[in-house]
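Q:
There are 2 protein chains.
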Amino acid sequence: MKRTKIKDLLHGEGGEVLVKGWVKTRRDSKGGFSFLEINDGSCLANIQVVAEHTLPDYSSIENQLTTGSCVSVRGKLVASKGKGQSKEVQATEIRVYGSAPVDYPLQKKRHSFEFLREIAHLRPRTNTFGAVMRVRNRLAFSIHRFFQDQGFVYLNTPIVTTSDCEGAGEMFQVTTLDLSNPPRADGAVHGKIDFSQDFFGEKTFLTVSGQLEGEIYAMALAEIYTFGPTFRAENSNTSRHLAEFWMVEPEMAFYDLDDNMDLAEEFIKFLLSDVMEHCAEDMEFFNKRIDTTILETLKNIIDNRFERLTYTDAIHQLQKASKIFTYPVEWGFALQAEHERYLSEKVFKKPIIVFNYPEQIKSFYMKLNEGGETVRAMDVLLPNLGEIIGGSQREENYEVLLQRMRDKDIDPEEYWWYLDLRKFGSAPHSGFGLGFERLVQFVTGMENIRDVIPFPRTPKHAKF
Amino acid sequence: MKRTKIKDLLHGEGGEVLVKGWVKTRRDSKGGFSFLEINDGSCLANIQVVAEHTLPDYSSIENQLTTGSCVSVRGKLVASKGKGQSKEVQATEIRVYGSAPVDYPLQKKRHSFEFLREIAHLRPRTNTFGAVMRVRNRLAFSIHRFFQDQGFVYLNTPIVTTSDCEGAGEMFQVTTLDLSNPPRADGAVHGKIDFSQDFFGEKTFLTVSGQLEGEIYAMALAEIYTFGPTFRAENSNTSRHLAEFWMVEPEMAFYDLDDNMDLAEEFIKFLLSDVMEHCAEDMEFFNKRIDTTILETLKNIIDNRFERLTYTDAIHQLQKASKIFTYPVEWGFALQAEHERYLSEKVFKKPIIVFNYPEQIKSFYMKLNEGGETVRAMDVLLPNLGEIIGGSQREENYEVLLQRMRDKDIDPEEYWWYLDLRKFGSAPHSGFGLGFERLVQFVTGMENIRDVIPFPRTPKHAKF
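Chains as they are written, first to last, in this note's numbering: chain A, 1 to 464; chain B, 1001 to 1464.
Next up, the structure:
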């Protein structure tokens, strides 16, 4: 007989069933039976199993039916007479796959998220982490569906890269050299490392972004997206930073900045609608236990057109504000989190897209506007979160791009292939990046980003 | 006006259209017009554009309409009078986004795959690589659909890991230490490296598999799958090896080895059927240009039940063979590629699943059969390829697993969390791994695995 998932049982018709899962709680009745709450991860809800003490061999397993044990239950699915659940299973046979001794760390009481991080191998068995992972799963699939439905091609850009343009100090190095005695170029003890002897024959790093490679494929297949791990070796111990995280980066030929903003807005709205529809039970849980405003916040985003304003207008808005900011509000300076949140939360009370940023605070590849003072960059800022998406139209003009690289001290030789894209069949194109864990964090209302990824990597932590 | 993708144009109804893409070829007629073949990556086929030389400003762009240039064409979609295409666009306006000078490397003539690897930033514009990437995209999406439809949860296991059980020699090290002058534990020039000062506070590597972490989540959510990059620092310069490749690893609680084999077979058949249905044009191309047996091979796999035989039976079959093998055929020795291919191609002429391998040639985590001589491992072997999937039922018994680790010199202390899964609510469970690029290689018939991944990483090569 095949097991039925609890998700399906709860909408099932009754009859003989086989359930498998983990015992969350057990309650003994004086009437000669026990109630077991069983969960199998298919949904947040447990199924109640009623175990009569007259079951065959019951006395031999009774002691093993404790919180955390894993069981297989055959029985009859019936309408429940008790409160709190509509269906229950009247067991006719119970088998214990694995017991859970009294030192099982996940006993009934509530545990702090900090403690649960120490037992990341058991925390997926809790209500919160089960719900987070189902929501994360749905969001990941929605990302694929959104792009696939529109004919975008999923692209796996490389993880190991020789390109270090975004600042070598923030990148992880990848090597097979013997660190305790690496080959030296001149044979001297403190000489330069001879990377020609390394696995890839040169110095290699973990990628910080697949964008540049994404542009290669956009210049051939027109619309592509990446969705893969990226890395930052920043020593940031905050609730918003991970050293290893997943990023989504669409890149589209023939899109200008307006098209790019349209796509970003449509994308966010699609993801939020989809997760509210398909993870209704889990989202109710987050709204009840984690952040009581989360459903309202998501609805507000879905229902409102994102306000679009230039960086220059954003500065004007901030200068008009009565609020005193910690960081200076002045044209040419980056917008800080306090500025971004003030604009989206206080001024517009909805998502905003700020675009046309000063060229000197943005990357070399962003398309220069006429006049040369601003570039076609955009940031999508959400209330309660801040930046969720950053993107731009890319500079497609060879000469302009070359000059921008020189101005920003980037070696054009290293990016010969990137320049080639502007030399051979160049086209206007745009793209953006979305940090996946930031999205999951926002959707679930979880405070710490370490709690929305299975095994977080942060400074001094790479356990499991 | 919005551009129409060529894929949709070819099935379009006619009328005013806007096409954007890259010129593949141009042919000039004596009648005062030119034929441009345009491709936008949405499909293999080009659309033919007819450009009358009387078009406004035509003389100013005429020289730029060369192979590789990028254009925007407004015009009328009509039935074509010429041979070789059913539809064409009669241009009313042509705009050149980017020209392609005469040194554009992808001129009309055929190029070797070796040469194209040197220009990996342009090769996606060729017919073959466009087709490979569309098939790769579809297979990736099919993998998600297959598991999502059955309620599996997509899991992102970590890329950076401290675990080196599968042999540190084959792993890449990840570090932020200054290689030319790393901190030494005892301060001496040649002393041991002090990894407590490294980013993660200990020695870290790139993952070779997400399986062990996958088991963690299977023991909570019952059915999960990973799909992400994995790494091998093997110095293998073959047409079947990459240092960086994508792997799919489902892991399921309550599955025994039979269930595991059922899932693997169903999985392969689903993927092949799905890609034949959704990439019919590209698959015809591969069948014509790359391997004229590929469609027949795929159909044969879809239509036949995979033959299942034990390792012991496989050895008997091989010993009966008249063929002389290079490697010994003897119980206890690993099956080599020549053995695997002989069995699937000559003996059974269809996919086979070999299971119950000798315990001494398989990993510590595989479930020991009664008698202790074999473990519940399985390999799915395809004709013309060999191993596509390797998997096993996992050892769920704490004491047996501990003993197996000791026997194989694996430090149980390092795997305390893995052992914990057997201590608290253990359950029978199984899983397998599929190398994604091997699958793409098999489906497309491409000879070299470097040609089915956008930017291959192999010894001494990490370009782009």
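We put the beta carbon where it would ideally sit given N, CA and C, even for glycine. Keep in mind the model is a prediction, meaning the values are calculated, not measured.
So what does DSSP say about Ser29(A), is it helix, strand or coil?
A: As a working mapping, residue 29(A) is identified with position 29 in the first sequence. In this structure, Ser29(A) counts as coil in the three-state DSSP scheme.
Q: Where Gln1211(B) and Phe1227(B) are concerned, what is the direct C-alpha to C-alpha distance, given to the nearest angstrom?
A: What you label residue 1211(B) is simply residue 211 of the second sequence in a count that begins at 1. What you label residue 1227(B) is simply residue 227 of the second sequence in a count that begins at 1. Using only the alpha carbons, I get a separation of about 11 Å.
Q: Report the start-end ranges of each alpha helix (DSSP H) in the region 1048–1117 of chain B that is 4 residues or longer and not cut off at the edges.
A: Here the runs fully enclosed are 1058–1061.
Q: Which whole-angstrom value is the C-beta distance of Asp1282(B) and Leu1044(B), which I expect to be below 8 Å?
A: Position 282 of the second sequence, counting from 1, holds the residue named residue 1282(B). Position 44 of the second sequence, counting from 1, holds the residue named residue 1044(B). The pair is a contact, with the Cβ atoms about 6 Å apart (cut-off 8 Å).
Q: Which value, in whole angstroms, describes the spacing of the CA atoms of Leu421(A) and Lys1007(B)?
A: The residue given as residue 421(A) occupies position 421 in the first sequence. The residue given as residue 1007(B) occupies position 7 in the second sequence. Going from the Cα of Leu421(A) to the Cα of Lys1007(B) covers about 24 Å.
Q: Examine the ligand SAM and report whether any of its heavy atoms sits within less than 6 Å of the Cβ of Phe1172(B).
A: Ligands in the displayed structure: none, and consequently the ligand SAM is not present.
Q: Does any residue of chain A have a CB that is nearer than 7 Å to the CB of Cys1070(B)?
A: Along the second sequence, read from residue 1 onward, the residue named residue 1070(B) stands at position 70. Yes, Cys1070(B) counts as interfacial toward chain A.
Q: Give me the Cβ distance between Leu1385(B) and Val1248(B), rounded to the nearest whole Å; I'm assuming they're in contact under 8 Å.
A: Counting from one through the second sequence, the residue named residue 1385(B) turns up at place 385. Counting from one through the second sequence, the residue named residue 1248(B) turns up at place 248. Contact flag wrong, Cβ pair sits at about 16 Å.
Q: Does DSSP put Gly167(A) in a helix, in a strand, or in coil?
A: As a working note, residue 167(A) is residue 167 in the first sequence. Unreliable positioning characterises Gly167(A) in this predicted model, as indicated by a pLDDT of 49, which lies under 50. The coordinate reading is nonetheless provided below. Here Gly167(A) sits in coil by DSSP.
Q: Can you grab the Cα-Cα spacing for the pair Pro412(A) / Tyr311(A), in whole Å?
A: Mapped onto the first sequence, residue 412(A) falls at position 412. Mapped onto the first sequence, residue 311(A) falls at position 311. Straight-line Cα distance between these residues: approximately 29 Å.
Q: My output table needs one value for Gly1479(B): the three-state DSSP class, helix, strand or coil.
A: Since the first residue of chain B shown is 1001 and the last is 1464, residue 1479(B) is not available in this structure.
Q: Does any CB atom of chain B fall closer than 7 Å to the CB of Pro183(A)?
A: Position 183 of the first sequence, counted from the first residue, corresponds to residue 183(A). Closer than 7 Å: no.
Q: By the DSSP assignment, the beta strand (DSSP E) with Arg1308(B) in it spans what residues?
A: Along the second sequence, read from residue 1 onward, the residue named residue 1308(B) stands at position 308. Start and end: 1307–1310.
Q: Give me the Cα-Cα distance between Ser1072(B) and Gly21(A), rounded to the nearest whole angstrom.
A: Within the second sequence, residue 1072(B) is the residue found at index 72, counting from 1. Within the first sequence, residue 21(A) is the residue found at index 21, counting from 1. When rounded, the distance between both Cα atoms is 58 Å.
Q: With burial defined as no fewer than 16 other Cβ atoms inside 10 Å of the residue's Cβ, what is the status of Asn1156(B): buried or exposed?
A: One-based indexing of the second sequence puts residue 1156(B) at position 156. Buried, by the Cβ-count rule.
Q: Using the C-alpha atoms, what's the distance from Pro250(A) back to Asp379(A)?
A: Position 379 of the first sequence, counted from the start, is the residue given in the question as residue 379(A). Position 250 of the first sequence, counted from the start, is the residue given in the question as residue 250(A). Roughly 15 Å separates the two Cα atoms.
Q: Rounded C-beta distance between Arg457(A) and Leu242(A)? I'm assuming under 8 Å.
A: Here residue 457(A) refers to the residue found at position 457 when the first sequence is read from its first residue. Here residue 242(A) refers to the residue found at position 242 when the first sequence is read from its first residue. Indeed, because the Cβ distance is near 6 Å, the residues count as touching under 8 Å.
Q: If you follow the alpha helix (DSSP H) that Gln173(A) is part of, which residue opens it and which one closes it?
A: Here residue 173(A) corresponds to residue number 173 of the first sequence, with the count starting at 1. Note, Gln173(A): premise wrong, no alpha helix (DSSP H); beta strand (DSSP E) at 173–175.
Q: Output needed in chain order: residues of the region 1115–1132 of chain B with a Cβ under 9 Å from some Cβ in chain A.
A: Those residues of the region 1115–1132 of chain B that come within reach of chain A (Cβ to Cβ, closer than 9 Å) are Ile1119, Ala1120, His1121, Leu1122, Arg1123, Pro1124, Arg1125, Thr1126, Phe1129, Gly1130.
Q: Quick one, which of Asp1303(B), Lys1423(B), Ser1344(B), Gly1187(B) has its alpha-carbon nearest Leu1272(B)'s?
A: Numbered from its first residue, the second sequence carries residue 1272(B) at position 272. When each option's Cα is compared against that of Leu1272(B), the closest is Asp1303(B).
Q: Would you call Trp1480(B) buried or exposed, if buried means 16 or more other Cβ atoms sit within 10 Å of its Cβ?
A: Within the shown structure, residues of chain B are numbered from 1001 to 1464, placing residue 1480(B) beyond reach of any answer.
Q: On the premise that Ile1038(B) lies in contact with Val1019(B), defined as a C-beta separation below 8 Å, what is that separation, rounded to the nearest angstrom?
A: Position 19 of the second sequence, counted from the first residue, corresponds to residue 1019(B). Position 38 of the second sequence, counted from the first residue, corresponds to residue 1038(B). About 6 Å; that satisfies the 8 Å criterion.
Q: Should Thr92(A) and Gly75(A) be called a contact, given that it needs their Cβ atoms to be closer than 7 Å?
A: Start at 1 with the first residue of the first sequence, and residue 92(A) comes out as number 92. Start at 1 with the first residue of the first sequence, and residue 75(A) comes out as number 75. Yes.
Q: Using a Cβ-Cβ cut-off of less than 9 Å, give me the residues of the region 83–113 of chain A that come near chain B, in sequence order.
A: Those would be Tyr97, Gly98, Ser99, Ala100, Pro101, Asp103, Tyr104, Pro105, Leu106, in chain order.
Q: Hey, how far is the Cα of Ile193(A) from the Cα of Met1276(B)?
A: Counting from one through the first sequence, the residue named residue 193(A) turns up at place 193. Counting from one through the second sequence, the residue named residue 1276(B) turns up at place 276. When rounded, the distance between both Cα atoms is 50 Å.
Q: Would you mind stating whether Gly130(A) and Ser1426(B) have Cβ atoms separated by less than 7 Å?
A: For the purposes of this step, residue 130(A) is identified with residue 130 of the first sequence, where counting begins at 1. For the purposes of this step, residue 1426(B) is identified with residue 426 of the second sequence, where counting begins at 1. No, the Cβ-Cβ distance between Gly130(A) and Ser1426(B) is not below 7 Å.
Q: Using a Cβ-Cβ cut-off of 6 Å (strictly less than) and excluding sequence neighbours within five positions of Asp1291(B), which residues of its own chain qualify?
A: Locating residue 1291(B) in the second sequence gives position 291, where the first residue counts as 1. Taken in chain order, the residues that qualify are Gly1445.
Q: Secondary structure at Glu251(A), three-state DSSP: helix, strand or coil?
A: Here residue 251(A) is taken as the residue at index 251 of the first sequence, counted from 1. It is a strand residue.
Q: Would DSSP call Gln393(A) helix, strand or coil?
A: Sequence index remark: in the first sequence, residue 393(A) carries index 393 (1-based). DSSP places Gln393(A) in strand when its eight states are reduced to three.
Q: To the nearest angstrom, how far is it from the Cα of Tyr255(A) to the Cα of Arg125(A)?
A: Indexing the first sequence from 1 puts residue 255(A) at position 255. Indexing the first sequence from 1 puts residue 125(A) at position 125. Using only the alpha carbons, I get a separation of about 44 Å.
Q: How would you list, in chain order, the residues of chain A whose beta-carbon sits under 7 Å from the beta-carbon of Leu1044(B)?
A: The residue you call residue 1044(B) lines up with position 44 of the second sequence. Near Leu1044(B) there are no residues of chain A at all, since even the closest Cβ is about 11 Å away, more than 7 Å.
Q: For Asn156(A), would you say it is in contact with chain B, using Cβ-to-Cβ distances shorter than 7 Å as the test?
A: Looking up residue 156(A) in the first sequence gives position 156. Closer than 7 Å to some Cβ of chain B, the Cβ of Asn156(A) qualifies, so yes.
Q: Between which two residues does the alpha helix (DSSP H) harbouring Ser142(A) extend?
A: Counted from its first residue, the first sequence places residue 142(A) at position 142. Per DSSP, Ser142(A) belongs to the alpha helix (DSSP H) from 127–149.
Q: If I follow the unbroken beta strand (DSSP E) through Asn181(A), where does it start and stop?
A: Start at 1 with the first residue of the first sequence, and residue 181(A) comes out as number 181. Counting along the chain, Asn181(A) falls outside any beta strand (DSSP E), and DSSP gives it neither H nor E.
Q: Closer than 7 Å, CB to CB, is Ile216(A) near chain B or not?
A: For the purposes of this step, residue 216(A) is taken as residue 216 along the first sequence, with counting starting at 1. With 7 Å as the cut-off, Ile216(A) counts as an interface residue toward chain B.
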